[in-house]
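Okay, so the sequence shown: first residue is 38 according to this note's numbering, each after it adds one.
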Amino acid sequence: MYGLVNKAIRDMVCDRFGEDSWNQIKQKAECQVDTFLSMEPYPDDLTHRLVKAASEILGLSTAEIMQAFGQYWVEYTAQEGYGELMDMSGDTLTEFLQNLDDLHARVGMYFPQLKPPSFACTDLSENSMNLHYRSTRKGLTPMVVGLLKGLGIRFKIIIKISQIQSRENGADSDVFSIKYKSN
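#1: Return yes when the Cβ of Tyr113 is within less than 7 Å of the Cβ of Pro78, no when it is not.
#2: In the structure shown, what three-state DSSP assignment does Asn206 receive?
#3: Would you mind listing the alpha helix (DSSP H) stretches within the segment 104-137 that are 4+ residues and don't spill past its ends, in chain order?
#4: List the residues that DSSP assigns as beta-bridge partners of Ala157.
#5: Sorted by chain position, which residues of the same chain lie with C-beta nearer than 6 Å to Gln108's C-beta, five sequence neighbours on each side aside?
#6: Is the segment 137-144 close to the segment 93-104, with three or more CB pairs under 8 Å?
#7: Taking the alpha-carbon positions, what's the Glu93 to Arg47 distance?
#8: Keeping to the same chain, check which residues put their C-beta closer than 6 Å to that of Arg86; ignore five residues upstream and five downstream.
#9: What's the call for Pro149, buried or exposed, on a 16-neighbour Cβ count within 10 Å?
#10: Buried or exposed for Ile62, going by 16 or more other Cβ atoms inside 10 Å?
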């Protein structure tokens with residue numbers, strides 16, 4: 038994962054739980070990095086160790102940490118200089134999700150080692166859709182739920198998400214049923 042991800046984890050922990058909690062997490066994860074460089078790739082294992090340590094130190098499940106991080110990530114990346122790129126990806130949740138792979142392709146120009154997930158929208162109606170999520174990485178599905186919640190805030194909609202298909206159960210993708218309405 039790129040340093041931007043680990044930096045965002047650090048900032049989320051510090052914002053919500055304080056710097057002392059971050060220092061405990063960093064120590065428990067055996068993280069020797071003092072400052073994450075946004076554009077520098079780091080081993081995925083480091084990110085997983087940070088999440089696992091955060092779970093233990095903060096008394097939250099890894100799924101809760103990942104979901105909170107996903108929601109945080111939407112606002113964080115907008116503030117870190119990617120807001121304009123996000124704005125160009127759609128004016129509604131549906132447009133944004135339909136353009137997410139294109140957004141990742143544009144971001145990949147700046148992050149050449151990026152291994153982005155893939156998203157596809159199906160069963161579209163006025164206030165619902167199914168979102169198919171595919172990734173080479175495991176364990177990030179709760180983050181997708183958080184991302185969707187963060188996008189709900191971004192687009193000022195009330196959103197209800199339920200997972201209806203899981204790669205953990207042998208499916209080729211994780212599928213989320215999304216229902217939404219104006220806030």
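Note that beta-carbon positions come from the ideal geometry of N, C-alpha and C, so glycine has one too.
Looking at the coordinates:
#1: no
#2: In the displayed model, Asn206 falls within a helix according to three-state DSSP.
#3: Whole alpha helix (DSSP H) segments, 4+ residues: 120-124, 130-135.
#4: His169
#5: Within the same chain, Cβ atoms closer than 6 Å to the Cβ of Gln108 are found at Gly183, Lys186, Gly187, the five residues on either side in sequence being excluded.
#6: no
#7: 15 Å
#8: Ala66
#9: In summary, Pro149 is exposed, with fewer than 16 beta-carbon neighbours lying within 10 Å of its beta-carbon over all protein chains present.
#10: Around the CB of Ile62, 16 or more other CB atoms lie within 10 Å, so the residue is classed as buried.
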